[in-house]
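**Q** Here it is, the structure in full.
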Amino acid sequence: MPAAQTCRPDSPDEVLLQGCLQEDRLAQRYLYDRYAGYMMGVCMRYASCRDEAMEMLNAGFYKAFQNISQYEGRGALKGWIAKVIMYTCIDWVRSQATYRKRIDYEVERDVPIDNLALQHLAVEDLLENVQALPPASRMVFSLYVLEGYTHKEIAAELGISDGTSKWHLSEAKKRLQKMIKKEQS
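In structure tokens:
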């Protein structure tokens, strides 16, 4: 029986996966609908606006559907898709951002963000502030703070030095600190 006849919006991921492997558009649609909201949250961490996040989301799902055969069944399908989406976002920002190749991080010191100030911000406000950061700093901040990557991993992924990654994180924190203080005034 063809996958188009067996998959429904409430089908388990395994059924939708089989449909996607057969390039069943309905299965792809159901999988997209199931995870688009969550994946949009991933994209919003890297995008400067909702429209850009939507473009990243669609490009990421396109890549996921094109490479669905690479999913080996280890871990949740949702996690695999999220990883594809995240790398799509990284590639997107990298293609549009100019990184400083050499920065003396010793001149810049890490800027802590006042946790009390963060408690008074709504999640939407914080996300809006992160989106207002320059693309390179936003990318490093998102990878380091939100995704848990190390500076070494970020540097390898973005093709920059560890010091440049640290500088972008410090710069992002400084800018966020200013934005938070301005909003509280």
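When you read off a place in the sequence shown, starting at 1, and then add 34, the result is the number in the working numbering.
Cβ coordinates follow ideal geometry from the N, Cα and C atoms, glycine included.
(1) Quick one: what's got a C-beta closer than 6 Å to M213's C-beta in the same chain, skipping five residues either side?
(2) Excluding the five sequence neighbours on either side, which residues of its own chain have a C-beta within less than 7 Å of the C-beta of L50, listed in chain order?
(3) Flag this pair as touching only if the region 97-105 and the region 175-193 have three or more C-beta atom pairs under 8 Å; answer yes or no.
(4) So what does DSSP say about Y80, is it helix, strand or coil?
(5) Is the beta carbon of Y80 sitting closer than 8 Å to the one on V127?
(6) Check for me: the alpha helix (DSSP H) holding A206 runs from which residue to which?
(7) Using the three-state DSSP reduction, which class does N163 fall into: helix, strand or coil?
(8) So, for L111: in the same chain, excluding its five sequence neighbours on each side, which residues have a beta-carbon less than 7 Å away from its beta-carbon?
(9) Excluding the five sequence neighbours on either side, which residues of its own chain have a C-beta within less than 6 Å of the C-beta of L91, listed in chain order?
(10) Which term fits S232, buried or exposed, when burial requires 16 or more other beta carbons within 10 angstroms of its beta carbon?
(11) Would you mind stating whether S82 and Q211 have Cβ atoms separated by less than 8 Å?
(12) Residues in the same chain with beta-carbon distance under 7 Å from Y183, minus the five sequence neighbours each way, listed in chain order, please.
(13) Are there 16 or more other CB atoms within 10 angstroms of the CB of G71, so buried, or fewer, so exposed?
(14) Please list the terminal residues of the continuous alpha helix (DSSP H) segment that includes E187.
(15) Quick one: what does DSSP say E48 is sitting in, helix, strand or coil?
(16) Check D58 in the structure and name its three-state DSSP category.
(17) Is the beta carbon of K186 less than 8 Å from the beta carbon of D196?
(18) Let's test the definition: count the other Cβ atoms within 10 Å of the Cβ of R172 and tell me whether it reaches 16, buried, or not, exposed.
(19) Pull up the distance between the alpha-carbon of D159 and that of Q56, whole angstroms please.
**A** Based on what the coordinates show:
(1) Here residue 213 is taken as the residue at index 179 of the sequence shown, counted from 1. Beyond the five residues adjoining it in sequence on each side, M213 comes within less than 6 Å, by CB distance, of N163 in the same chain, given in chain order.
(2) By 1-based counting over the sequence shown, the position of residue 50 is 16. In its chain, beyond the 5 residues on either side, C41, A61, Y64, L65 have a beta carbon closer than 7 Å to the beta carbon of L50.
(3) With a cut-off of 8 Å, the region 175-193 and the region 97-105 do not count as touching, because too few Cβ pairs lie within range.
(4) Counting from 1 along the sequence shown, the entry for residue 80 is found at position 46. Three-state DSSP puts Y80 in coil, outside helix and strand.
(5) Translated into the one-based positions of the sequence shown, residue 80 becomes position 46. Translated into the one-based positions of the sequence shown, residue 127 becomes position 93. Their beta carbons are under 8 Å apart, which means Y80 touches V127 by this criterion.
(6) Within the sequence shown, numbered from 1, the residue matching residue 206 stands at position 172. Residues 196-218.
(7) Position 129 of the sequence shown, counting from 1, holds the residue named residue 163. DSSP places N163 in helix when its eight states are reduced to three.
(8) Within the sequence shown, numbered from 1, the residue matching residue 111 stands at position 77. Scanning its chain for C-beta atoms nearer than 7 Å, with the 5 sequence neighbours on each side dropped, one finds around L111 the residues D47, L51, Y105, in chain order.
(9) Sequence index remark: in the sequence shown, residue 91 carries index 57 (1-based). These residues qualify, in order along the chain: M73, M74, C77.
(10) Residue numbering for the chain in the displayed model covers 35 to 219; residue 232 lies beyond these limits and cannot be assessed.
(11) By one-based count along the sequence shown, residue 82 stands at place 48. By one-based count along the sequence shown, residue 211 stands at place 177. It is not a contact, given that the beta carbons lie outside the stated cut-off.
(12) Stepping through the sequence shown from its first residue, residue 183 is reached at position 149. The residues are L177.
(13) Residue 71 sits at position 37 when you count from the first residue of the sequence shown. Under the 10 Å beta carbon count, G71 is surrounded by fewer than 16 other beta carbons and is classified as exposed.
(14) Counting from one through the sequence shown, the residue named residue 187 turns up at place 153. Per DSSP, the unbroken alpha helix (DSSP H) holding E187 starts and ends at 185-192.
(15) As a working mapping, residue 48 is identified with position 14 in the sequence shown. E48 falls in the helix class under three-state DSSP.
(16) If you number the sequence shown from 1, residue 58 lands on position 24. Under the three-state reduction of DSSP output, D58 falls in the coil class, being neither helix nor strand.
(17) Numbered from 1 along the sequence shown, position 152 holds the residue referred to as residue 186. Numbered from 1 along the sequence shown, position 162 holds the residue referred to as residue 196. Yes, they are a contact pair.
(18) By 1-based counting over the sequence shown, the position of residue 172 is 138. Buried is the call here.
(19) The residue given as residue 159 occupies position 125 in the sequence shown. The residue given as residue 56 occupies position 22 in the sequence shown. Going from the Cα of D159 to the Cα of Q56 covers about 42 Å.
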